[in-house]
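Per my numbering, the very first residue in the sequence shown carries number 31; after that it's consecutive. From the three backbone atoms N, C-alpha and C, an ideal C-beta is built for every residue, glycine too.
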Amino acid sequence: MKIPEKILTKKVELVDTEKVKKGEYDSLFSDMKKAMKENSGIGLAANQVGKDLAIFVIDEEIARENKVPEIYINPEVTEYSRDKDEMEEGCLSIPEYYAPIHRSKKIKIKAVDEKGNKIKFKAKGLLARILQHETDHLNGTTIKDRAQ
31 MKIPEKILTK KVELVDTEKV KKGEYDSLFS DMKKAMKENS GIGLAANQVG KDLAIFVIDE
91 EIARENKVPE IYINPEVTEY SRDKDEMEEG CLSIPEYYAP IHRSKKIKIK AVDEKGNKIK
151 FKAKGLLARI LQHETDHLNG TTIKDRAQ
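Written out as structure tokens, the structure reads:
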């Protein structure tokens with residue numbers, strides 16, 4: 031989905047984690063990871079593929095390097111560091127658009143993983159930036175909104 035699709039500008043619906051535990055979203059997780067890779071992305075939110083669900087995926091290698099999950103369900107950033115930095119970001123939903131975005135260098139995030147387990151951890155650097163970017167998507171915020 032590309033801007034100005036309405037689904038990209040509204041807060042998405044929370045996911046029933048019991049359905050996650052039953053494997054009802056497994057094919058969506060797989061499809062999202064595939065779409066992200068095919069488009070050379072490092073993160074992809076469910077609303078970017080037309081699904082009104084609080085789910086995002088991140089790059090497999092980045093997840094492995096940081097020892098964190100690839101899939102995040104009902105994520106919430108619970109703490110942002112005051113220390114911020116600026117980095118140019120792009121977005122699969124806004125092709126050819128890049129903007130310098132200020133984000134917290136460190137965050138704390140909680141979510142549910144692809145098996146339905148609650149997770150909570152601290153992130154910094156590029157991982158923190160990706161998690162903030164994808165969480166923004168689920169809240170209906172794009173990098174164009176952040177750049178203004």
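Rounded distance between the beta-carbons of I88 and E164, thought under 8 Å: Right, the Cβ-Cβ distance comes to about 7 Å (below 8 Å), so this counts as a contact.
By DSSP, does M31 sit in helix, in strand, or in coil? Three-state result, M31: coil.
Output the boundary residues of the beta strand (DSSP E) element that contains R133. Element bounds for R133: Y128 to S134.
Which whole-angstrom value is the C-beta distance of Y102 and S134, which I expect to be below 8 Å? Wrong, their Cβ atoms sit about 17 Å apart, outside the cutoff.
Cβ of L44 within 8 Å of Cβ of Q78? With contacts defined by Cβ atoms closer than 8 Å, L44 and Q78 do not form a contacting pair.
Under 8 Å between the Cβ atoms of R159 and D166? Not a contact, by the Cβ cut-off of 8 Å.
Taking the alpha carbon of R94 as the reference point, which residue from L168, K174 and L157 has its own alpha carbon closest? Selected option, being the one with the closest Cα: L157.
Looking only at its chain, what residues have a beta carbon closer than 6 Å to the beta carbon of Q162, apart from the 5 residues adjacent to it on each side? Taking Q162 as the centre and dropping the five residues before and after it, the same chain places the C-beta of R133 closer than 6 Å to its C-beta, in chain order.
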